[in-house]
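Notes follow the structure.
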Amino acid sequence: MNPVNYLYLSALLFTIGATGVLIRRNAIVVFMCVELMLNACNLAFVTFSRMHGNLDGQVIAFFTMVVAAAEVVVGLAIIVSLFRSRHSASVDDASLMKL
Amino acid sequence: MENLIALLVAAPLLGAVVLLCGGRRLDAVGHWIGTLLSSASFVIGVVLFTDLLGKNAEHRTLMQHLWTWVPVEGFQADVTFRLDQLSMTFVLLITGVGSLIHLYSVGYMEHDERRRRFFGYLNLFLAAMLILVLADNYLLLYVGWEGVGLASYLLIGFWQHKPSAATAAKKAFLVNRVGDMGLSIAIMLMFTTFGTFAFGPVLSHVGDASEGKLTGIALMLLLAACGKSAQVPLQSWLGDAMEGPTPVSALIHAATMVTAGVYLIVRSGAIFNAAPDAQLVVTVVGAVTLLFGAIVGCAKDDIKKALAGSTMSQIGYMVLAAGLGPIGYVFAIMHLVTHGFFKAGLFLGAGSVMHGMNDEVDMRKYGGLRKYMPVTFITFGLGYLAIIGFPGLSGFFSKDKIIEAAFAKGGTEGWILGGAALLGAAITAFYMTRVMLMTFFGEKRWQPDENGHEPHPHESPRTMTIPMIVLAFGSVFAGGIFGIGDRFLHWLEPVTGHEEGNSPVSALTVTLATMVVLVIGVAIAWAQYGRRPVPAVAPRGSLLTRAARRDLLQDDFNHVVLVRGGEHLTRSLVYVDHTLVDGVVNGTAASMGGLSGRLRKLQNGYARSYAVSMFGGAAILVAATLLMRAV
Amino acid sequence: MSPQLAAAYSTSTGEAFQFWVLGTVAVIGALSTILMKRAVHSALSLAGTMIILAVFYLANGAYFLGVVQIVVYTGAIMMLFLFVVMLVGVTAADSLTETIKGQRWLALLCGLGFGILLVAGIGNASLSQFDGLSTANANGNVQGLAALIFTKYVFAFEITGALLITAAVGAMVLTHRERTERPKTQRELSEQRVREGKHVPPLPAPGVYARHNAVDVQGLLPDGTPSELTVSKTLRDRGQIRDVSSEALNDLRALEQRAEERLERTAIEPANLKRTEEASK
Chain Y
67 MNPVNYLYLS
77 ALLFTIGATG
87 VLIRRNAIVV
97 FMCVELMLNA
107 CNLAFVTFSR
117 MHGNLDGQVI
127 AFFTMVVAAA
137 EVVVGLAIIV
147 SLFRSRHSAS
157 VDDASLMKL
Chain X
12 MENLIALLVA
22 APLLGAVVLL
32 CGGRRLDAVG
42 HWIGTLLSSA
52 SFVIGVVLFT
62 DLLGKNAEHR
72 TLMQHLWTWV
82 PVEGFQADVT
92 FRLDQLSMTF
102 VLLITGVGSL
112 IHLYSVGYME
122 HDERRRRFFG
132 YLNLFLAAML
142 ILVLADNYLL
152 LYVGWEGVGL
162 ASYLLIGFWQ
172 HKPSAATAAK
182 KAFLVNRVGD
192 MGLSIAIMLM
202 FTTFGTFAFG
212 PVLSHVGDAS
222 EGKLTGIALM
232 LLLAACGKSA
242 QVPLQSWLGD
252 AMEGPTPVSA
262 LIHAATMVTA
272 GVYLIVRSGA
282 IFNAAPDAQL
292 VVTVVGAVTL
302 LFGAIVGCAK
312 DDIKKALAGS
322 TMSQIGYMVL
332 AAGLGPIGYV
342 FAIMHLVTHG
352 FFKAGLFLGA
362 GSVMHGMNDE
372 VDMRKYGGLR
382 KYMPVTFITF
392 GLGYLAIIGF
402 PGLSGFFSKD
412 KIIEAAFAKG
422 GTEGWILGGA
432 ALLGAAITAF
442 YMTRVMLMTF
452 FGEKRWQPDE
462 NGHEPHPHES
472 PRTMTIPMIV
482 LAFGSVFAGG
492 IFGIGDRFLH
502 WLEPVTGHEE
512 GNSPVSALTV
522 TLATMVVLVI
532 GVAIAWAQYG
542 RRPVPAVAPR
552 GSLLTRAARR
562 DLLQDDFNHV
572 VLVRGGEHLT
582 RSLVYVDHTL
592 VDGVVNGTAA
602 SMGGLSGRLR
612 KLQNGYARSY
622 AVSMFGGAAI
632 LVAATLLMRA
642 V
Chain H
118 MSPQLAAAYS
128 TSTGEAFQFW
138 VLGTVAVIGA
148 LSTILMKRAV
158 HSALSLAGTM
168 IILAVFYLAN
178 GAYFLGVVQI
188 VVYTGAIMML
198 FLFVVMLVGV
208 TAADSLTETI
218 KGQRWLALLC
228 GLGFGILLVA
238 GIGNASLSQF
248 DGLSTANANG
258 NVQGLAALIF
268 TKYVFAFEIT
278 GALLITAAVG
288 AMVLTHRERT
298 ERPKTQRELS
308 EQRVREGKHV
318 PPLPAPGVYA
328 RHNAVDVQGL
338 LPDGTPSELT
348 VSKTLRDRGQ
358 IRDVSSEALN
368 DLRALEQRAE
378 ERLERTAIEP
388 ANLKRTEEAS
398 K
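Chains as they are written, first to last, in my numbering: chain Y, 67 to 165; chain X, 12 to 642; chain H, 118 to 398.
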């Protein structure tokens, strides 16, 4: 087996995640889909690292994880405050620029 | 001597500035300042006149160049005054009669608290009129032309507290604008044709231009003349202009301003000579107007309006004469001058009557006034005899010459025009006799007005009677002085040119015929107003009388044709505006709105929709990258 | 760990087997993440996918990342997700009906197009050989990563640290609500209720006047209608009120059914019924 298959898997996961972002209304699920996309990228980075024989890809994947962690913290905080003000976690309910 | 010309204009202009800017402190002496300055202008005019008389006929043209007004390459407008025999005649008439009327106004306007302003306007009028007749080019003439229009507007509307006066002033101004438009177009045409608008070059190069262009220029000049001289079809303002104070009617709407049209035609004689079609139109306009004015004059009970109709008619004579070409120019001006005397005298007489009758203007409420105001009666009577052409008086010489010239036109035209002029003479005799009889003869018909004041007819003060007497002298002798020995003809001929027509009838025959129609006119008037008492309330009258009382339906005509037509035009334009213009505009707006509405659907606020766009964009970017690599 | 392994053309069969089995599971997990109605199920599916990804990291020689993936992602981040899901409402099922017109079709079209393009791009790159990490991991994977992070990527590392701190502070700011006035005491609250004239007594407890005493069941008013006031505001906001109004009738009907079957009777006569009730008293 060629490690390129990991890349195909990564592309598939990324696409699934992106589609999920587009079709789901629940902000939390949307967020999960974003995480899925990030993880797909990480898989690609790790695979590239292996294919090129150096660790830079893994370092980038590591940074991605850190950034994803930061993003999750802020994003979930936003979801919580959104839920507080609108009593709903639906991204469609936040379609106006006012309450 | 040339340097005095500017002073002619400067004196009344100074008077206007001083009186209008001087304020209340000049109230006590303002009228004397005005009279003094206009008299000064007259004195200068006399000095220049004697100077001209002392020269040969060829050297009687004085020019004074003041400054270059518009110094542009290819468009040179100068402020240059030209004093020749024609201008001189007008200067003497304007300043002479003007000064007399100033003097008259001192008495007439005595009780008006805005007298100073009135004199300021009168001086302004004199200055503008002098610029008009002294200008050496059409552009400067236009300045005077507009200035005269402005002064006329101010003076007609002098009693602006009366809505009728304000309306009349506006009407006069607006109707005059039509004529002014004609003059400005004529000047533009001249500039495109000749490259200049100075009298000398234009009139001497007439031969270079095509007849079509000359006819166009001439017709536009005629339009201007119609506006200023109240000729058909722009005659409607003159009757209403009688809303102004009587001296204004005498000065502006009888003696001077309304003759500006005649001046324009005579001054532009070279152009008219080269455009026979336009000349024909001029004669037709003159003939129609002289009958029109005469008929209107027959029906009016308002003494000033009757005189206004007469003025229109007499100017019709002048225009008719001016349209005859070199045969008639001199006689047009001659009649203009004599008319200036007797019509001013008649108007001043009418003003004197009104002054004594509590400003009553209805002749049916006069009657038998000769006993109460003898001086007015005599001067008015002399004016009356002059205007109907009583042998030996002014009107006899000038009007007779015009009728002769009309016949001398030759052919069918000559017969028609001559016949019209003769008929006009008969009607003139009729309506003037009517005015005379209704005012000064018969029983007294005045009654107390609604406040119980019975008028006490009395003779007017000296300041008013003296001008009337002087003008009466003019009415009596001017014609003789001008006509006997063809003095006026020789004086004016170098400017206007002259030629004898080939009249099918002899001069004696014309004179006899004129006498006959005169007697007939007087006799009919006597039969109708002299033998029987005049009813104090106007009878219903025939259809023609009723139409004439309404100025031969001129206002109705204007209303139906111009006002209604304008309204319909406006409505159709509004319709076009609403449907076509607004349709295009609103259609554009609506299509933009519709497009925006569709585009707005993209901006629905849903984050997921935006995400789809982003994702699609990313897909396109990837596709583009792949394509670029593949190529 | 010999240095001649600079280039290889294939992985081991074991890894291939592992890839095909776990890869399938990962894709199923990803699909169920986006298709599950309930957020909790989505979160669990995602967690499964992430664990599989951790295995793949390990297989790819990224030992450090594999561990971090399990500890940080699956352990911390996914737990944070579950915690928020709990806050927002565990049992609330999302409707999967699309409300924006054409959104689903567009999303599928874009997803399909994008996926095809990505796959085509990868296929186009025609990578037939790979280097492997045996050289890079010669001194240990963690040491190798550390050498890179603290030398080549040290600024990125520092900045990422700053980002994390900022994110933490930001999350606190976002969720923290400053209390601008003193909280009202119970006495003041009761006085306020009296002043406003509504709900003068304490709010009724849920379910106690009916047959249920669960917190998500509405209590019944004396006339038999359910009152929303009896359920706590959080449950109301989540829409997690259980409707039991027809349950009693259903129970009764089922009881009658059973009784009929047992007694082999066709109908219960009203008189009998009344008598039985009195007798039971």
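Yeah, the Cβ is synthetic: ideal placement off N, Cα and C, and Gly gets one too.
What in chain X is Cβ-close to residue i, meaning under 9 angstroms?
{"i": "residue 241 of chain H", "result": "637, 640, 641"}
Listing by chain order, which chain Y residues have their CB less than 7 angstroms from the CB of residue i?
{"i": "residue 189 of chain H", "result": "131, 135"}
{"i": "residue 622 of chain X", "result": "87, 88"}
{"i": "residue 249 of chain H", "result": "116, 119"}
{"i": "residue 354 of chain H", "result": "153"}
Please return the same chain residues whose Cβ sits closer than 7 angstroms to the Cβ of residue i, not counting the five positions on each side in sequence.
{"i": "residue 342 of chain X", "result": "332, 409, 412, 413, 416"}
{"i": "residue 598 of chain X", "result": "none"}
{"i": "residue 70 of chain Y", "result": "none"}
{"i": "residue 127 of chain Y", "result": "108, 111, 112"}
{"i": "residue 275 of chain X", "result": "232, 235, 236"}
{"i": "residue 141 of chain Y", "result": "97"}
Which residues in chain Y have a C-beta closer than 8 angstroms to the C-beta of residue i? List them in chain order.
{"i": "residue 617 of chain X", "result": "157, 158, 161"}
{"i": "residue 266 of chain H", "result": "125, 128"}
I'd like to confirm something about residue i: is its beta-carbon nearer than 6 angstroms to some heavy atom of the ligand MG, or not?
{"i": "residue 521 of chain X", "result": "Annotation note on the ligand MG: not contained in the displayed structure, which lists no ligands."}
From the DSSP secondary-structure annotation, give me the bridge partner or partners of residue i.
{"i": "residue 344 of chain H", "result": "H/336"}
{"i": "residue 87 of chain X", "result": "X/82"}
{"i": "residue 194 of chain Y", "result": "Lying before the first or after the last residue shown, residue 194 of chain Y is absent from chain Y, which here runs from 67 to 165."}
{"i": "residue 373 of chain X", "result": "X/313"}
{"i": "residue 148 of chain X", "result": "X/209"}
{"i": "residue 75 of chain X", "result": "X/92"}
{"i": "residue 359 of chain H", "result": "H/334"}
By the criterion of Cβ-Cβ separation under 9 angstroms, what are the contact partners of residue i in chain H?
{"i": "residue 627 of chain X", "result": "223, 226, 227, 230, 231"}
Using a cut-off of 7 angstroms between C-beta atoms, extract the partners of residue i located in chain X.
{"i": "residue 234 of chain H", "result": "630, 633, 634, 637"}
{"i": "residue 238 of chain H", "result": "633, 637"}
Cutting at 8 angstroms between CB atoms, please list the residues of its own chain near residue i, excluding the five before and the five after it.
{"i": "residue 149 of chain H", "result": "158, 159, 162"}
{"i": "residue 189 of chain X", "result": "234, 238, 245"}
{"i": "residue 76 of chain Y", "result": "106, 107, 109, 110, 113"}
{"i": "residue 453 of chain X", "result": "378, 379, 540, 541, 544, 545"}
Which whole-angstrom value is the C-beta distance of residue i and residue j, which I expect to be below 8 angstroms?
{"i": "residue 99 of chain X", "j": "residue 59 of chain X", "result": "7 angstroms"}
{"i": "residue 319 of chain X", "j": "residue 249 of chain X", "result": "5 angstroms"}
{"i": "residue 474 of chain X", "j": "residue 118 of chain X", "result": "4 angstroms"}
Counting only the same chain and skipping the five closest in sequence on each side, list residues whose C-beta sits under 6 angstroms from that of residue i.
{"i": "residue 310 of chain X", "result": "556, 559, 560"}
{"i": "residue 347 of chain H", "result": "321, 323, 335, 336"}
{"i": "residue 42 of chain X", "result": "117, 126, 130"}
{"i": "residue 128 of chain H", "result": "none"}
{"i": "residue 231 of chain X", "result": "193, 196, 197"}
{"i": "residue 393 of chain X", "result": "483, 486, 487"}
{"i": "residue 205 of chain X", "result": "213, 216"}
{"i": "residue 133 of chain H", "result": "none"}
{"i": "residue 476 of chain X", "result": "386"}
For a contact defined as C-beta to C-beta under 8 angstroms, what are the partners of residue i on chain X?
{"i": "residue 145 of chain H", "result": "Under the 8 angstroms cutoff, chain X gives no residues; its nearest Cβ is about 23 angstroms from residue 145 of chain H."}
{"i": "residue 217 of chain H", "result": "615, 617, 619, 620"}
Residues of the segment 73-85 of chain Y whose Cβ lies closer than 8 angstroms to any Cβ of chain X, in chain order: 84
Residues, ordered as in the chain, of the segment 142-153 of chain Y that lie near chain H by beta-carbon distance below 9 angstroms: 142, 143, 144, 145, 146, 147, 149, 150, 153
Against chain X: residues of the segment 151-163 of chain H by CB proximity under 9 angstroms: none
Cβ-based contacts, 8 angstroms cut-off: residues of the segment 94-112 of chain Y near chain H: 94, 95, 97, 98, 99, 101, 102, 105, 108, 109, 112
Proximal residues, the segment 125-141 of chain H versus chain Y, C-beta separation under 7 angstroms: 127, 128, 132, 133, 136, 140
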